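In case it helps, this note's numbering puts the sequence shown at residues 69 to 762.
Following: one structure in structure tokens, then a few remarks.
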Amino acid sequence: MIQCWRLEDARQTLVIGVRDKQLAEVVYWGPRLPADENLETLCAAHGLDVAGGMLDQHPELSICPAAARSFQGQAGMALRDGNGKPILPKLVFDQAVAETNALTLSYSDQANGLSYRAHFAIDAETNLITTWAELDADQPINLQYLAAPVFPAPQLSDEMIDFAGRWCGEFQLSRTPWSAGMRSRDNRTGRTGHEHFPGLIIPCRGATNTQGEAYGFHYGWSGGHRMIAEELPDGRRQIQFSNASDTELAPLTYFKTAPLFVTYSDTGLNGCATAFQRHLRDRVVTWPHPDRPRPVHYNCWEAIYFDHKIPELQAIADRAADLGAERFVLDDGWFGKRDDDTTSLGDWFIDARKYPDGLSPLIDHVHGLGMTFGIWFEPEMINPDSDTYRAHPEWVLGDDHQILGRHQMVLNMALPAVRDYLFDRIGKVLTDYDIDYIKWDHNRVLPSPDADQTRGTYDLLDRLRTAFPQVEIESCSSGGGRIDFGVMEHTQRVWLSDSNDALERLKIQHNAALFLPQAVTGSHIGPRVCHTSGRILDIRFRAWVAAQRHMGFEMDPRELTDDEADVLRRVTQWWKDNRDWMRRADILRLDAADPAVLAEQHLRQDQFVVFAGKADTSTQIAPRPLRLTGLDADATYRVDLANRDELARKGLSRGQSPLKTGPIEVSGQYLMHHGITLPWSFPETMWVIEGHKI
Ligand code: DGJ
69 MIQCWRLEDA RQTLVIGVRD KQLAEVVYWG PRLPADENLE TLCAAHGLDV AGGMLDQHPE
129 LSICPAAARS FQGQAGMALR DGNGKPILPK LVFDQAVAET NALTLSYSDQ ANGLSYRAHF
189 AIDAETNLIT TWAELDADQP INLQYLAAPV FPAPQLSDEM IDFAGRWCGE FQLSRTPWSA
249 GMRSRDNRTG RTGHEHFPGL IIPCRGATNT QGEAYGFHYG WSGGHRMIAE ELPDGRRQIQ
309 FSNASDTELA PLTYFKTAPL FVTYSDTGLN GCATAFQRHL RDRVVTWPHP DRPRPVHYNC
369 WEAIYFDHKI PELQAIADRA ADLGAERFVL DDGWFGKRDD DTTSLGDWFI DARKYPDGLS
429 PLIDHVHGLG MTFGIWFEPE MINPDSDTYR AHPEWVLGDD HQILGRHQMV LNMALPAVRD
489 YLFDRIGKVL TDYDIDYIKW DHNRVLPSPD ADQTRGTYDL LDRLRTAFPQ VEIESCSSGG
549 GRIDFGVMEH TQRVWLSDSN DALERLKIQH NAALFLPQAV TGSHIGPRVC HTSGRILDIR
609 FRAWVAAQRH MGFEMDPREL TDDEADVLRR VTQWWKDNRD WMRRADILRL DAADPAVLAE
669 QHLRQDQFVV FAGKADTSTQ IAPRPLRLTG LDADATYRVD LANRDELARK GLSRGQSPLK
729 TGPIEVSGQY LMHHGITLPW SFPETMWVIE GHKI
């Protein structure tokens with residue numbers, strides 16, 4: 069017997085079929101099927117032929133591949149009973165609950181006392197499918213892993229793209245050719261990690277940023293993920309995502325995966341990117357003030373580090389406000405006796421040596437300048453040199469053998485006493501002062517991964533958000549060490565990287581745009597001499613790179629020359645003039661013919677802006693035209709340089725390109741298929757091109 073369901077939006081159809089009460093299979097996932105497609109025929113046609121040297125029937129590549137069905141790859145779950153004996157689930161179909169745009173499939177295994185549910189929901193506006201699995205057991209069992217519903221990967225694909233990285237070098241694309249066997253990633257850091265952003269893109273052959281087919285995956289969990297991309301002996305391919313394995317440390321009777329977000333695109337990698345960007349911005353994140361413009365930030369970390377002096381901070385605030393900042397964020401160093409990073413994490417009491425009258429003198433000053441005030445915490449961490457540790461050594465996670473990270477240990481967030489303490493301390497600061505923002509840091513890996521830690525952190529974030537709904541929270545973890553849709557359910561911004569080097573940032577932002585929209589992605593203009601690379605970059609390049617995302621400043625503004633301050637004021641004003649439509653725009657990565665150019669197009673309805681960053685010296689002498697994307701081919705666009713005033717500084721350009729003197733009006737077809745020819749420019753510069761449909 070065959071039962072089938074279809075979930076779809078304007079661009080894709082997902083067909084799920086159950087045959088003979090076995091675990092369901094994704095029998096089709098791709099461009100939208102005709103309305104009258106016979107799904108039973110599809111399910112029947114899905115079966116593969118059998119030849120020599122095979123089992124008599126192909127085991128289902130199901131939503132939870134079953135070892136008990138002689139499946140020859142990684143099974144969808146791995147369990148042991150209370151005595152440590154492996155359990156081989158034999159799940160039998162019970163029922164389906166199909167609603168508009170949602171489907172739940174239920175299974176049970178009476179002999180082993182298990183029941184399993186797989187959930188699917190499609191969002192017709194964002195084009196993202198959200199799916200997750202649950203498992204109930206009659207008796208406490210040990211879970212090694214439980215995959216979110218498993219998807220087949222396309223055959224006409226030569227490679228997969230997943231993500232690696234490091235401190236100051238997040239979102240590096242890692243391309244792996246498909247071959248027999250599996251690529252497995254099992255993140256043991258206990259946090260999302262710079263090294264392990266939980267995303268995967270499978271481009272079909274020939275796909276680029278702007279064209280071709282691609283499949284996108286993201287697992288929304290901050291405790292570390294496990295990914296399997298496997299080509300089976302029979303050639304079929306499967307994609308599994310779950311929590312990192314062996315992170316449920318106690319036997320339990322209920323388990324739930326984090327949500328896995330997936331999408332199919334027929335507009336290249338950008339189709340995946342726009343689905344993720346829109347869904348994160350419009351569905352996952354909840355904004356305290358959805359209609360309030362994103363404020364320009366000033367963050368004092370790279371200006372003063374731990375050396376907090378109220379008059380200096382006030383002087384810095386004066387200059388930041390003059391440049392256009394609208395929110396002043398007081399970073400690490402205001403509490404305990406925190407004069408360096410060896411001490412005081414956990415002692416969330418204002419340092420009376422630095423702030424004898426509390427934070428009011430600074431906060432009042434900041435408010436007087438028309439800025440709001442934000443503050444840094446690193447709640448989950450503790451220094452052994454802290455009063456809190458001396459009073460509660462039992463609050464620490466892990467044992468004595470662990471190696472400290474940045475001189476600190478991790479608090480056990482599963483302990484209610486720890487969460488209560490942190491809620492009280494953070495709550496006191498938020499109650500005593502008018503604060504609208506927390507930068508929530510997390511500067512080391514866990515001693516060993518533990519799913520309870522992530523659940524505890526989410527719980528604390530929820531409690532604080534309920535008690536202080538007006539406060540926005542930024543997820544920071546030595547820069548981009550905790551970026552995922554799980555933490556973004558509880559926060560509104562990510563600190564993408566500790567690298568304020570605009571050249572590095574350009575690259576990190578470009579790749580992060582595969583998942584992250586402008587509205588949540590922090591980007592700051594750092595000091596003239598970059599503190600993490602030593603590089604010296606012109607203020608114009610630094611300013612425009614920050615203007616690509618949620619803009620801010622992080623240098624000591626007293627170092628700025630008049631010219632630099634003037635540039636910052638102008639670019640900041642440009643950003644303010646454009647921020648409202650840009651926060652709702654899609655960020656589309658362009659296929660630049662010149663590999664030295666990293667370019668993206670922010671597109672919303674009839675308006676766009678292109679940032680064409682010159683990341684390197686071009687091999688050819690003349691600029692290659694840059695093709696745009698997503699435009700109306702038959703419409704005419706007025707296209708202009710937003711930073712024409714920088715022409716004289718961009719080097720050797722001496723030709724007659726019309727864009728040098730004014731806007732041009734050309735068709736969308738021309739822009740998308742010939743491309744726009746930009747004036748010559750030095751490396752480490754940016755052209756900013758604005759376009760409007762006429
Ligand atoms: C790491 C963060 O990424 C930095 O921005 C800064 O907040 C420091 N921690 C403070 O210790």
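Glycine is no exception: its CB is placed at the ideal position from the N, C-alpha and C atoms.
If you're wondering where the values come from, they're calculated on a predicted model, not measured in any experiment.
Between asparagine 255 and the ligand DGJ, is the CB less than 7 Å from at least one heavy atom? As a working note, residue 255 is residue 187 in the sequence shown. Annotation for asparagine 255 indicates a beta carbon at 7 Å or more from all heavy atoms of the ligand DGJ.
Under 6 Å Cβ to Cβ from proline 747, same chain only, skipping five residues before and after it: list those, please. Taking the first residue of the sequence shown as position 1, residue 747 is located at position 679. The residues are Ser721, Ser725 and Lys728.
The ligand DGJ: which residues have Cβ under 6 Å from any of its heavy atoms, chain order? Result: Trp369, Asp399, Asp400, Trp444, Asp509, Asn511, Cys544, Ser546, Gly547, Trp563 and Asp566.
If distances are taken between C-alpha atoms only, which option among Gly681, Ser735, Thr687 and Thr685 comes closest to valine 756? As a working note, residue 756 is residue 688 in the sequence shown. Nearest of Gly681, Ser735, Thr687 and Thr685 to valine 756, Cα basis: Gly681.
Return the Cβ separation of arginine 74 and threonine 260 in integer angstroms, given the expectation that the two are a contact with Cβ distance under 8 Å. Along the sequence shown, one-based indexing puts residue 74 at 6. Along the sequence shown, one-based indexing puts residue 260 at 192. Contact between arginine 74 and threonine 260 fails: their C-beta atoms lie close to 33 Å from each other, not under 8 Å.
For glycine 495, which residues in the same chain have their Cβ closer than 8 Å to its Cβ, ignoring the five residues on either side in sequence? In the sequence shown, the residue the question calls residue 495 occupies position 427. Hits under 8 Å: Leu532, Ala535 and Phe536.
Give the single residue among Leu656, Gln616 and Ala633 whose Cα lies nearest to the Cα of asparagine 646. One-based indexing of the sequence shown puts residue 646 at position 578. Out of Leu656, Gln616 and Ala633, Gln616 has the C-alpha closest to the C-alpha of asparagine 646.
Quick test of the definition: if touching needs 3 or more C-beta pairs under 8 Å, does the segment 271–284 touch the segment 643–662? For the pair of segments examined, the segment 271–284 was found to touch the segment 643–662: the number of CB pairs separated by less than 8 Å reaches three.
With which residues is aspartate 467 paired in a DSSP beta bridge? If you number the sequence shown from 1, residue 467 lands on position 399. None, per the DSSP bridge assignment.
Could you spell out where the beta strand (DSSP E) holding arginine 561 opens and where it closes? Position 493 of the sequence shown holds residue 561. Start and end: 561–563.
8 Å contact criterion, which glycine 442 and aspartate 504 should meet: CB distance rounded: Sequence index remark: in the sequence shown, residue 442 carries index 374 (1-based). Sequence index remark: in the sequence shown, residue 504 carries index 436 (1-based). About 7 Å separates the two Cβ atoms, so the contact holds.
How far does the alpha helix (DSSP H) with histidine 347 in it reach, from first residue to last? Position 279 of the sequence shown, counted from the start, is the residue given in the question as residue 347. Segment 336–347, the alpha helix (DSSP H) holding histidine 347.
Of all the CB atoms in chain D, is at least one closer than 8 Å to the CB of tyrosine 423? The structure shown contains no chain D, having only a single protein chain.
Enumerate in chain order the residues of its own chain whose CB-to-CB distance from threonine 559 is below 6 Å, with the five nearest sequence positions on each side excluded. Locating residue 559 in the sequence shown gives position 491, where the first residue counts as 1. If you ignore the 5 residues before and after threonine 559, its C-beta comes within less than 6 Å of the C-beta of Ile541 and Ser543, all in its own chain and listed in chain order.
Tell me the start and end of each unbroken beta strand (DSSP E) in the segment 221–292 that is at least 3 residues and wholly inside, in chain order. Segments of the beta strand (DSSP E) lying fully in the segment 221–292: 227–234, 237–245, 249–254, 267–271 and 282–287.
Enclosing beta strand (DSSP E) for tyrosine 332 [first to last residue]: Residue numbering aside, residue 332 sits at position 264 when the sequence shown is read from its first letter. In this chain, the beta strand (DSSP E) harbouring tyrosine 332 covers 328–333.
Exposed unless 16 or more other CB atoms sit within 10 angstroms - verdict on threonine 629: The residue labelled residue 629 in the question sits at position 561 within the sequence shown. Threonine 629 is exposed by the Cβ-count criterion.
On the three-state DSSP scale, how would you describe tryptophan 713? Here residue 713 refers to the residue found at position 645 when the sequence shown is read from its first residue. Note that residue 713 corresponds to aspartate in the displayed sequence, not to tryptophan. Aspartate 713: helix per DSSP, three-state reduction.
I want to know whether the segment 213–221 touches the segment 127–142 - three or more CB-CB distances under 8 Å. Put simply, the segment 213–221 touches the segment 127–142. At least three CB pairs are less than 8 Å apart.
Three-state secondary structure (DSSP) of lysine 496: Residue mapping note: residue 496 aligns to position 428 of the sequence shown, counting from 1. It is helical.
Element boundaries [alpha helix (DSSP H), containing lysine 575]: Position 507 of the sequence shown holds residue 575. Unbroken alpha helix (DSSP H) run through lysine 575: 570–580.
Taking the alpha carbon of serine 412 as the point to measure from, which residue in Lys422, Leu398, Gln140 and Met449 has its own alpha carbon closest? Counted from its first residue, the sequence shown places residue 412 at position 344. With distances taken between Cα atoms, serine 412 lies closest to Met449.
When the distance is taken between beta carbons, is lysine 89 closer than 8 Å to cysteine 160? Locating residue 160 in the sequence shown gives position 92, counting from the first residue. Locating residue 89 in the sequence shown gives position 21, counting from the first residue. At residue 160 the sequence reads valine, which differs from the cysteine that was named. Against a cut-off of 8 Å, the Cβ pair of lysine 89 and valine 160 comes out as a contact.
Proximity below 8 Å, CB of arginine 637 to CB of glycine 401: Within the sequence shown, numbered from 1, the residue matching residue 637 stands at position 569. Within the sequence shown, numbered from 1, the residue matching residue 401 stands at position 333. No, they are not a contact pair.
Tell me the rounded alpha-carbon separation between isoleucine 689 and leucine 348. Stepping through the sequence shown from its first residue, residue 689 is reached at position 621. Stepping through the sequence shown from its first residue, residue 348 is reached at position 280. Isoleucine 689 and leucine 348 have their C-alpha atoms spaced approximately 41 Å apart.
Determine, using beta carbons only, whether alanine 208 and proline 99 come nearer to each other than 8 Å. The count along the sequence shown starts at 1 and reaches residue 208 at position 140. The count along the sequence shown starts at 1 and reaches residue 99 at position 31. The residue you asked about is not alanine; residue 208 is proline in the sequence shown. No.
Please state whether the Cβ-Cβ distance between tryptophan 235 and aspartate 552 is less than 8 Å. Here residue 235 refers to the residue found at position 167 of the sequence shown. Here residue 552 refers to the residue found at position 484 of the sequence shown. No; because the gap between Cβ atoms is not below 8 Å, this pair is not in contact.
Just verifying my parser: in three-state terms, what is the DSSP assignment at tryptophan 416? Along the sequence shown, one-based indexing puts residue 416 at 348. Here tryptophan 416 sits in coil by DSSP.
Pick from Ser333, Asp204 and Thr321 that is closest to glutamate 281, judged by C-alpha positions: Position 213 of the sequence shown holds residue 281. Glutamate 281 has its Cα closest to that of Ser333, out of Ser333, Asp204 and Thr321.
Quick check on this structure: which residue in Thr315, Pro327, Thr753 and Tyr705 has the alpha carbon closest to the alpha carbon of alanine 716? For the purposes of this step, residue 716 is taken as the residue at position 648 of the sequence shown. Alanine 716 has its Cα closest to that of Thr753, out of Thr315, Pro327, Thr753 and Tyr705.
How should tyrosine 322 be labelled, buried or exposed, when 16 other C-beta atoms within 10 angstroms of its C-beta is the threshold for buried? As a first step, residue 322 is located in the sequence shown; it is residue number 254 there, counting from the start. Tyrosine 322 should be labelled exposed.
Could you check the C-alpha separation between glutamine 470 and arginine 652 for me, to the nearest Å? Position 402 of the sequence shown, counted from the first residue, corresponds to residue 470. Position 584 of the sequence shown, counted from the first residue, corresponds to residue 652. The alpha-carbon atoms of glutamine 470 and arginine 652 are separated by roughly 45 Å.
So, tyrosine 213 versus methionine 145, is the Cβ gap smaller than 8 Å? The count along the sequence shown starts at 1 and reaches residue 213 at position 145. The count along the sequence shown starts at 1 and reaches residue 145 at position 77. Cβ distance < 8 Å, so tyrosine 213 and methionine 145 count as in contact.
Under the rule that 16 or more other beta-carbon atoms within 10 Å means buried, what is threonine 589, buried or exposed? Here residue 589 corresponds to residue number 521 of the sequence shown, with the count starting at 1. Note on threonine 589: 16 or more other CB atoms within 10 angstroms of its CB, so buried under the neighbour-count rule.
If we count the other Cβ atoms within 10 Å of its Cβ and call it buried at 16 or more, is lysine 575 buried or exposed? Position 507 of the sequence shown, counting from 1, holds the residue named residue 575. Its Cβ being crowded by 16 or more others within 10 Å, lysine 575 is buried.
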